[in-house]
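I have placed the structure first, in the form of structure tokens, so that the comments after it can refer back to it.
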Amino acid sequence: MQTDALRTFALVGLSAVAILFLQGKIQSTVMLAVIGVLTVVDLFGIGMRYLTKEDFQRPASVNQVFEPRDVDKQILADKDPYYRVFDATINAFNSSIPSYHHKMVGGYHAAKLQRYQDLIDYHLSQSNQQVFNMLNTKYFIIPGQDGQPVVQQTQVPKAMDGLWIVLSWFPHPMQKLKR
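Its first residue numbered 1141, the sequence shown is counted upward by one per residue in the numbering used here.
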């Protein structure tokens, strides 16, 4: 902290010297350029404390995370864009990687709505097929016999469309859904 305080004092001092002694002797654009260079040098020096060469990854290693699995390729063969996928091989509500390929029922969001969290806790975690139909879930990725993920398409395609209308309103809609 002392080093940073001394560094800041030196930069403020150099800027003050530049402003006081060079004011009127050089153009204001040159003055702004000198102060800008001092600022960039300071930002670069501080930034190199936190980011080193090892922190940067090659695009090939980053793209490897987003390589589609065989099950992803199988689902992507469906050209109908109006469906969702539920992946039971991962923590479906705390991972955002599968959302790179599909419209997911789960996924991660830091500000998840409480109503949706209730839907997850009381219905999706209990495998309520009516709620999966309501969310237009057409494909389920489940663990197979050998541990590899397997695609399971809904047996009876009762998945609803992207838009649906509630015909009646209950005091608490979560209580009226069948489990």
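Virtual Cβ for every residue (Gly too), placed ideally from N, Cα, C. All of these numbers come straight from a predicted model, not from anything done at the bench.
**OP:** Find the nearest neighbour of Y1222 within the set R1147, N1234 and N1273, judged by alpha-carbon distance.
**Re:** N1273
Original post:
What's the C-alpha gap between H1242 and A1232?
Top reply: 12 Å
Original post:
Going along the chain, which unbroken runs of the beta strand (DSSP E) with 3 or more residues stay wholly within the region 1203-1246?
Top reply: 1224-1227
Original post:
Taking the alpha-carbon positions, what's the P1283 to D1227 distance?
Top reply: 9 Å
Original post:
Relative to the alpha-carbon of Q1293, which residue among N1268, I1215, H1249 and S1267 has its alpha-carbon at the smallest distance?
Top reply: I1215
Subject >> For Y1279, the first and last residue of its enclosing beta strand (DSSP E) >> reply: T1277 to P1283
Subject >> Reduced DSSP category for Q1292 - H, G, I as helix; E, B as strand; rest coil >> reply: strand
Original post:
DSSP on Q1254, reduced to helix/strand/coil?
Top reply: helix
Original post:
CA-CA distance, P1279 and D1195?
Top reply: The amino acid occupying residue 1279 in the given sequence is Tyr; Pro does not appear at that position. Those two C-alpha atoms are separated by around 37 Å.
Original post:
So is V1170 buried or exposed if we call it buried at 16+ other beta carbons inside 10 Å?
Top reply: exposed
Original post:
Quick one: is M1244 buried, meaning 16 or more other Cβ sit within 10 Å of its Cβ, or exposed?
Top reply: buried
Subject >> Reference T1179; option with closest CA among Y1190, K1193, V1205 and V1152 >> reply: V1152
**OP:** Rounded to whole angstroms, what's the CA-CA distance from R1198 to T1192? Just pull it up for me.
**Re:** 14 Å
Original post:
Which term fits V1271, buried or exposed, when burial requires 16 or more other beta carbons within 10 angstroms of its beta carbon?
Top reply: buried
**OP:** Compare the beta carbon distance of V1290 and V1225 with 9 Å and say whether it is the shorter of the two.
**Re:** no
Original post:
Pick from F1184, S1168, L1160 and K1213: whose alpha carbon is nearest that of Y1240?
Top reply: K1213
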